[in-house]
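Numbering (our numbering), first residue to last: 1441 to 1665.
We put the CB at the ideal spot given by N, CA and C, even for glycine.
This one's a predicted model, so the numbers in the text were calculated from it and none came from an experiment.
This report concerns only the one structure given below.
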Ligand code: MN
C-alpha cells in the first residue's frame, strides 16, 4: 500500500527489562475511581457507575521525559494512576476472564488542564481538550504478565508525597473496569486503560517534577521545563 502522505508513527511505550516497545492503539481513562478523590471533585462515589474518557494514542510520553509546559492552562494537574495494558482484545468480557486479557501493568500520570476541565464541566462541554492534549499521558515501563497490583500507589511532587492510597481501594477494580468498558467498546491489543487517581490531586508548575509509584512497578516520572 502506498499512502498519499507519510504514515503517522506508531505510538508506543517502554517495556520493563527490554528494549522492545508496547504499541499503543487507544487510551481509555476511568473517571473518579477512588472514593476520596470523587469527594474532592464534588461527586458522590456511591452513586456513580464507572465512566470513561479517552486520550489520543500519540499523547503517550515515556517516564523520564522533560516536557514543555502545555499551552492554554494556568492549572496543570498531576493524577497518579495504575495503567493496564491490554494484550488480548474482546467485547463483553466477563469479570472472571478479565485479567487474562491483560498483557501487563505500568505506573502512569493522567495530566489534566484542570481549569479547562472545570470550564467544560460548567458549560456541559466535552473534556477532550482538558484531558487529551499533546503529551498528556505519562506511562512508565510496562511490566508483563504479573499479578494485578493491589498495593501502595503514590504521587510525589518534587519528592514530597502528595497522593497516597492502595490500588485495592479502587471503587471499580481492574476486572470490573475491563468488563464494563468492553461492554461499551471492543477492546484490542495495544489498548491502555488509566484506572483513576486517588485523592490529593494538585498543580504542577514549570520547573517541577512528579513521580508516580505503584508497588511492584517501575515509577513514571515527568519534569516540566
Ligand atoms: Mn485520571
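Residue i, buried or exposed, once every other Cβ within 10 Å from all chains shown has been counted against 16
i	result
residue 1611	buried
residue 1653	buried
residue 1624	exposed
residue 1540	exposed
residue 1595	buried
residue 1647	exposed
residue 1650	buried
residue 1517	buried
residue 1458	exposed
residue 1525	buried
Under the three-state DSSP convention, the category residue i falls into
i	result
residue 1484	coil
residue 1624	coil
residue 1644	coil
residue 1540	helix
residue 1475	helix
residue 1603	strand
residue 1553	strand
residue 1444	coil
residue 1563	coil
residue 1520	strand
Which residues DSSP lists as bridging residue i, in chain order
i	result
residue 1632	1467, 1525
residue 1500	1577
residue 1461	1454
residue 1596	1601, 1651
residue 1584	1544
residue 1530	1627
residue 1505	1662
Cβ neighbours of residue i in the same chain (closer than 7 Å, five flanking residues each side left out)
i	result
residue 1508	1665
residue 1567	1493, 1557, 1560
residue 1495	1467, 1469, 1571, 1572, 1576, 1577
residue 1655	1589, 1591, 1592
Supposed contact pair residue j and residue i - C-beta distance, whole angstroms, cut 8 Å
i	j	result
residue 1520	residue 1638	7 Å
residue 1591	residue 1575	28 Å between Cβ atoms; not a contact.
residue 1545	residue 1588	7 Å
residue 1579	residue 1523	6 Å
Residues of its chain near residue i, where Cβ-Cβ distance is below 6 Å and the 5 sequence neighbours each way are ignored
i	result
residue 1471	1491
residue 1554	1515, 1517
residue 1634	1469, 1521, 1523, 1548, 1550
residue 1542	1524
Same chain, Cβ closer than 8 Å to residue i, five either side skipped, listed in chain order
i	result
residue 1645	1509, 1516, 1664
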